[in-house]
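What follows is a single structure, written as structure tokens, with notes after it.
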Amino acid sequence: MKLAHLTFWSFLVLFSGKLWAEEFLVIVHPDSSIKEADADSIKRLYLGKTSQLLGVRLTPADLPEGNSVRDAFYEKVVDKDASQLKAYWAQLIFTGGGSPPTVQNSDQTMVQWVLAKQNSIGYVSSSANTSNVKVIYRGSQ
Amino acid sequence: MNLIIKNEWDFMLIRIFFLTVTCFVVFNTSLQARQLTTNGFLTVGAAQSDAEASMFGIKDELNFSALSLVGMQTSYQPAENRLRFVAQLLARGANSWELEAEWAYANYKITDNTQAFLGRIRVPFYMISEQYDVGFAYPWIRPPDELYGFLNIPFTSLDGLSVKHQGTIFSLDYASQLYGGKNNAIGLDVAGISIPDTGSIEIYGVTFKVGSELFSIRAGHHEGKNIVLDIIQPIIDAFESVGLPVTAAVLAQDPANILPVDNGKANFSSIGFTSNVGNLFLMGEWGERKIKQQLPFPTTENWFFTAGYSFGKFVPHITFGEYSVDDKTLFNQDQESITLGFRFNATSSTAVKFEVADIEIDSAANAIGLYDSLPPNFNGVPLNITPLDPELTMVRFSVNTIF
Numbered sequence: 080m081k082l083a084h085l086t087f088w089s090f091l092v093l094f095s096g097k098l099w100a101e102e103f104l105v106i107v108h109p110d111s112s113i114k115e116a117d118a119d120s121i122k123r124l125y126l127g128k129t130s131q132l133l134g135v136r137l138t139p140a141d142l143p144e145g146n147s148v149r150d151a152f153y154e155k156v157v158d159k160d161a162s163q164l165k166a167y168w169a170q171l172i173f174t175g176g177g178s179p180p181t182v183q184n185s186d187q188t189m190v191q192w193v194l195a196k197q198n199s200i201g202y203v204s205s206s207a208n209t210s211n212v213k214v215i216y217r218g219s220q
Numbered sequence: 029m030n031l032i033i034k035n036e037w038d039f040m041l042i043r044i045f046f047l048t049v050t051c052f053v054v055f056n057t058s059l060q061a062r063q064l065t066t067n068g069f070l071t072v073g074a075a076q077s078d079a080e081a082s083m084f085g086i087k088d089e090l091n092f093s094a095l096s097l098v099g100m101q102t103s104y105q106p107a108e109n110r111l112r113f114v115a116q117l118l119a120r121g122a123n124s125w126e127l128e129a130e131w132a133y134a135n136y137k138i139t140d141n142t143q144a145f146l147g148r149i150r151v152p153f154y155m156i157s158e159q160y161d162v163g164f165a166y167p168w169i170r171p172p173d174e175l176y177g178f179l180n181i182p183f184t185s186l187d188g189l190s191v192k193h194q195g196t197i198f199s200l201d202y203a204s205q206l207y208g209g210k211n212n213a214i215g216l217d218v219a220g221i222s223i224p225d226t227g228s229i230e231i232y233g234v235t236f237k238v239g240s241e242l243f244s245i246r247a248g249h250h251e252g253k254n255i256v257l258d259i260i261q262p263i264i265d266a267f268e269s270v271g272l273p274v275t276a277a278v279l280a281q282d283p284a285n286i287l288p289v290d291n292g293k294a295n296f297s298s299i300g301f302t303s304n305v306g307n308l309f310l311m312g313e314w315g316e317r318k319i320k321q322q323l324p325f326p327t328t329e330n331w332f333f334t335a336g337y338s339f340g341k342f343v344p345h346i347t348f349g350e351y352s353v354d355d356k357t358l359f360n361q362d363q364e365s366i367t368l369g370f371r372f373n374a375t376s377s378t379a380v381k382f383e384v385a386d387i388e389i390d391s392a393a394n395a396i397g398l399y400d401s402l403p404p405n406f407n408g409v410p411l412n413i414t415p416l417d418p419e420l421t422m423v424r425f426s427v428n429t430i431f
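Residue numbers (the numbering used here), protein chains in the order written: chain A, 80 to 220; chain B, 29 to 431.
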């Protein structure tokens, strides 16, 4: 029985990162024509491969580096860790290929920014107050 | 660190850039902090081989300058319009930390998918040519020398115009580039003899890339004009200035080969791929350089292939490379190498890398591989230099960071 316990706890420790990963919401302006978006379209916009999401021109914003919601967003939607993401942007920044999204410091400023700017897109923690904006994607494990 | 402005043209570019920025800062009252951004990259490297003669500046004593470099980029975007000014200054340890303007351009967004660049840009010869100095962006300590080494491409940037277009077709991403311009002052180092100024070269080309993260292909074709006229004569002069009988020997062999001609042309063609399947990544590229008036540069054919796997922060990889020339009479540069290495992502913006390379040159008596040396003898004329080991091991270490 001891072995079974050990196995159980080992698995719990191993996968705890996944279990406790942050949930997030991708948000746009309430008047936006977009109702729902898929992860791949959001990824292409955040990697600068396109400036449109489902035919609508949008400006993306990030939460700050090291923020757990940001890490969860990039892991789930973009499939890159912080280091891979930096290497990706390094290739572009120093070769005239573009620059990463601007940064909003918190859930609250992100929501305000999206509200103030018609053609904007951001992501926030699922615990943020998003009653005034439109949620177009829910990220959960 | 001793920073010296390399030449007047660089100095002028740097001055124009800072003047422009100052003007905008002074006259644009709505300036926000984020309109002016500065980024940089730094590589601190150490390398040593077991050979007496040096290859890419590395030999049997520990070297801290050959791989080390620092770059700073400042970008200025007035308001949220389509125009942007960018300058990237670079100082390489291999170049005595002299300050060079590697990029300095005005960037105009014509449409969402099309942009123009006017000024100094990096020549996009191969897949990784543009980000060659940004070590954090790729797995190796530097891109494979067989394709990206200095001997194959004697210059890295041009002053001219470039248009880039990107888009999506059948759910695949594509990017194309068309450019043309001039390289005004090329410092060239041939076989250990440095030639400070070889005059100007006109170069133009086209590149195309299509694919997805899973698999993408990139092809390029580039043509250079006036290469022979401008480059070869100074090389001959440099050889003669140090008392080497190369010119006489080559002339004796075929006088027609050595006469400079107008419109000497060089062609560079290449095709490469990258593939990411889960944690596995594969990369490969093949290139060919042809010079119409071939002596002293023969036609070269070269390739590399890399396979690697990401175990989280630890990324081991293996690379095979080969460089070969068609005419081995003057410079027999045939060379093969196998490199084992890893990249360790210490933090999200710092990588530590280590590599061991086994390099083998051709077994012929006049073989020089990619050593920074002349052949031991030419047509029976001994050239008094350090003996070249036919096989060598090179160990390289670096810390790469971006900020």
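C-beta: ideal position from N, C-alpha, C; glycine also.
Bridge partners - B:I389, DSSP secondary structure assignment
As a first step, residue 389 of chain B is located in the second sequence; it is residue number 361 there, counting from the start. Paired residue(s): B:Q363.
For the putative contact between B:Q79 and B:K87, defined by C-beta atoms under 8 Å, what is the C-beta separation to the nearest angstrom?
Locating residue 79 of chain B in the second sequence gives position 51, where the first residue counts as 1. Locating residue 87 of chain B in the second sequence gives position 59, where the first residue counts as 1. Gln is not the amino acid found at residue 79 of chain B; the sequence shown has Ala there. The pair is a contact, with the Cβ atoms about 6 Å apart (cut-off 8 Å).
Pull up the distance between the alpha-carbon of B:F243 and that of B:S298, whole angstroms please.
Residue mapping note: residue 243 of chain B aligns to position 215 of the second sequence, counting from 1. Residue mapping note: residue 298 of chain B aligns to position 270 of the second sequence, counting from 1. Cα to Cα, B:F243 sits roughly 17 Å from B:S298.
Do we get a CB-CB distance below 7 Å when we pair A:S130 with the residues of chain B?
One-based indexing of the first sequence puts residue 130 of chain A at position 51. Proximity of A:S130 to chain B, defined by a Cβ-Cβ separation below 7 Å, is satisfied.
Please say whether A:S120 and A:L137 have beta carbons closer to each other than 7 Å?
Taking the first sequence and counting its residues from 1, the one referred to as residue 137 of chain A is at position 58. Taking the first sequence and counting its residues from 1, the one referred to as residue 120 of chain A is at position 41. Contact: no.
Residue span of the beta strand (DSSP E) that contains B:F236, given as start and end
Here residue 236 of chain B refers to the residue found at position 208 of the second sequence. B:F236 -> beta strand (DSSP E) spans I229 to G239.
In angstroms with no decimal places, state the Cα-to-Cα distance between A:Q44 and B:F431.
Any answer about residue 44 of chain A is impossible in this case: the structure gives chain A only from 80 up to 220.
Would DSSP call A:K155 helix, strand or coil?
In the first sequence, the residue the question calls residue 155 of chain A occupies position 76. Correct three-state label for A:K155: helix.
When the distance is taken between beta carbons, is B:N67 closer than 7 Å to A:I172?
Counting from 1 along the first sequence, the entry for residue 172 of chain A is found at position 93. Counting from 1 along the second sequence, the entry for residue 67 of chain B is found at position 39. Taking 7 Å as the Cβ cut-off, A:I172 and B:N67 qualify as a contacting pair.
Applying the 10 Å Cβ sphere with the 16-neighbour rule, what's the burial state of B:F16?
The displayed coordinates of chain B run from 29 to 431. Any statement about residue 16 of chain B would go beyond what the structure contains.
Given this structure, state the Cα-to-Cα distance separating B:Y176 from B:S124, to the nearest angstrom.
Working through the second sequence from its first residue, we reach residue 176 of chain B at position 148. Working through the second sequence from its first residue, we reach residue 124 of chain B at position 96. Rounded to whole angstroms, B:Y176 to B:S124 spans 20 Å at the Cα level.
What do you reckon, are the CB atoms on B:T327 and B:D354 nearer than 7 Å?
Taking the second sequence and counting its residues from 1, one reaches residue 327 of chain B at position 299. Taking the second sequence and counting its residues from 1, one reaches residue 354 of chain B at position 326. Yes. Within cutoff.
Against chain B, does A:F152 count as a neighbour if the rule is that its beta carbon must be under 7 Å from one of theirs?
Along the first sequence, read from residue 1 onward, the residue named residue 152 of chain A stands at position 73. So no, A:F152 is outside the interface.
Does the beta carbon of B:F164 sit closer than 7 Å to a beta carbon anywhere in chain A?
As a working note, residue 164 of chain B is residue 136 in the second sequence. Output row for B:F164: interface = yes.
Is B:E174 buried or exposed, if buried means 16 or more other CB atoms sit within 10 Å of its CB?
Counted from its first residue, the second sequence places residue 174 of chain B at position 146. Flag for B:E174 reads buried.
Mapping DSSP to helix, strand and coil, what is B:N30?
Within the second sequence, numbered from 1, the residue matching residue 30 of chain B stands at position 2. The predicted position of B:N30 is uncertain, since its pLDDT is 29 and thus under 50; a value taken from the coordinates is nonetheless stated next. Three-state DSSP puts B:N30 in coil, outside helix and strand.
Listed by chain order, chain A residues near B:D140 by CB distance under 9 Å
As a first step, residue 140 of chain B must be located in the second sequence, where it is residue number 112. Simply T129, S130, Q131 and R136.
Does B:P415 get closer than 7 Å to chain A when you measure Cβ to Cβ?
If you number the second sequence from 1, residue 415 of chain B lands on position 387. False, the Cβ-Cβ gap to chain A never drops below 7 Å.
In angstroms, rounded to a whole number, what distance separates the CA positions of B:S365 and B:M83?
Residue numbering aside, residue 365 of chain B sits at position 337 when the second sequence is read from its first letter. Residue numbering aside, residue 83 of chain B sits at position 55 when the second sequence is read from its first letter. B:S365 and B:M83: Cα-Cα distance of roughly 13 Å.
For a test of the three-state rule: what should DSSP assign to A:D119, helix, strand or coil?
Walking along the first sequence from the start, residue 119 of chain A turns up at place 40. Helix at A:D119.
B:W131, DSSP secondary structure in three states:
The residue given as residue 131 of chain B occupies position 103 in the second sequence. Strand.
Look up A:I172 in the DSSP assignment and say whether it is helix, strand or coil.
Counting from one through the first sequence, the residue named residue 172 of chain A turns up at place 93. Three-state DSSP puts A:I172 in a helix.
Confirm, please, whether the CB-CB distance from B:S426 to B:T71 is below 7 Å.
Here the question's residue 71 of chain B lines up with position 43 in the second sequence. Here the question's residue 426 of chain B lines up with position 398 in the second sequence. Cβ atoms of B:T71 and B:S426: closer than 7 Å.
Going by the DSSP bridge assignment, what does B:T66 pair with across the sheet?
For the purposes of this step, residue 66 of chain B is identified with residue 38 of the second sequence, where counting begins at 1. DSSP, once it has assigned bridges, lists B:T102 as partnering B:T66.
At the level of alpha carbons, what is the spacing between B:L398 and B:Y202?
Counting from one through the second sequence, the residue named residue 398 of chain B turns up at place 370. Counting from one through the second sequence, the residue named residue 202 of chain B turns up at place 174. Roughly 35 Å separates the two Cα atoms.
To the nearest angstrom, how far is it from the Cα of B:Y207 to the Cα of B:L97?
Within the second sequence, the letter at position 179 stands for residue 207 of chain B. Within the second sequence, the letter at position 69 stands for residue 97 of chain B. Between B:Y207 and B:L97, the C-alpha separation is close to 27 Å.
Is B:R371 near the ligand ZN, judged by its Cβ being under 6 Å from some heavy atom?
This structure simply doesn't include the ligand ZN, nor any ligand for that matter.
Going by DSSP in three states, B:F164 sits in which element: helix, strand or coil?
Numbered from its first residue, the second sequence carries residue 164 of chain B at position 136. Residue state, collapsed to three classes: helix.
Are three or more beta carbon pairs between the segment 138 to 145 of chain A and the segment 180 to 195 of chain A nearer than 8 Å?
yes
With distances taken Cα to Cα, identify the nearest neighbour of A:F152 among A:Y125, A:G176, A:T129 and A:P109.
Along the first sequence, read from residue 1 onward, the residue named residue 152 of chain A stands at position 73. Nearest of A:Y125, A:G176, A:T129 and A:P109 to A:F152, Cα basis: A:Y125.
Name the residue from B:V234, B:I387, B:T429 and B:E350 whose alpha carbon lies nearest to the alpha carbon of B:L416.
Position 388 of the second sequence, counting from 1, holds the residue named residue 416 of chain B. Comparing Cα positions, the closest option is B:I387.
List the residues of chain A whose Cβ lies closer than 9 Å to the Cβ of B:Y136, in chain order.
Indexing the second sequence from 1 puts residue 136 of chain B at position 108. Under the 9 Å cutoff, chain A gives no residues; its nearest Cβ is about 11 Å from B:Y136.
Just to confirm before moving on: does the CB-CB distance between B:L127 and B:L189 stay below 7 Å?
For the purposes of this step, residue 127 of chain B is taken as residue 99 along the second sequence, with counting starting at 1. For the purposes of this step, residue 189 of chain B is taken as residue 161 along the second sequence, with counting starting at 1. Not in contact: B:L127 and B:L189 (Cβ atoms no closer than 7 Å).
Can B:S432 and B:R150 be called in contact, C-beta distance under 7 Å?
The structure shown has nothing for residue 432 of chain B, since chain B only spans 29 to 431.
Close-in-space but distant-in-sequence residues of the same chain around A:F103 (CB under 7 Å, 5 per side omitted)
Start at 1 with the first residue of the first sequence, and residue 103 of chain A comes out as number 24. The residues are V148, A151, F152, Y202, V203, S204, S205 and G218.
Could you run through the segment 67 to 83 of chain B and flag, in chain order, every residue whose CB is less than 7 Å away from some CB of chain A?
Listed by position, the residues of the segment 67 to 83 of chain B near chain A (Cβ gap below 7 Å) are N67 and F69.
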